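Residue 192 in our numbering sits at position 126 of the sequence shown; the count goes up by one each step and never skips.
Positions of the beta carbon are idealized from the N, C-alpha and C atoms, including for glycine.
Quick caveat, the model's predicted, so the values are computed rather than measured.
Notes for the one structure printed next.
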Amino acid sequence: MYLLLYLALAVSAPPQAGGLERLTIDTATGTRTFMVEVVREESDRNRGLMFRRSLAADRGMLFDYDPPQQIAFWMKNTYIPLDIIFVGADGKIITIAAKTTPLSLEQIPSGGAARGVLEIAGGVSATLGIKVGDRVRHRLFDSAN
């Protein structure tokens, strides 16, 4: 009985990706700041924000892909809409998939070689004026900035 309860809690718990790191995005209307979990391991990237029930507007998850590559995401087991922001090695946003559909199996392509992928709460990109071509500042992209 206790083992089943433990397993149920372990499956529903959010991934443990370490502490939060500061990430900023330079937009036409100002700098936007987020605190993000950074995930590098394949298992953490595969899980992402699955099973989460909420995400604050100033929080997110940054997926590290080194070397940069074509990537496709989906929303399987993801209960909240997200804005998925694909970022090139130079720190510039190459694609934004806004307000993705929860639980969808539809592939969401990067549209180019992405060094990082930022997931934030659905609709936040539009609210903050984040657009393709804006510059993301984080240590993943520091060598290019």
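The stretch 164-171 makes no contact with the stretch 113-133: fewer than 3 CB pairs, one atom from each, lie closer than 8 Å.
Counting C-beta pairs with one atom in each stretch, the stretch 154-162 and the stretch 194-210 have three or more that are closer than 8 Å, which means they touch.
In the displayed model, threonine 99 falls within a strand according to three-state DSSP. DSSP, read as helix, strand or coil, puts leucine 206 in helix. Going by C-alpha positions, glutamate 108 is about 18 Å away from isoleucine 150. Per the coordinates, the alpha-carbon of isoleucine 91 lies some 24 Å from the alpha-carbon of aspartate 110. Around the beta carbon of glycine 126, 16 or more other beta carbons lie within 10 angstroms, which makes this residue buried.
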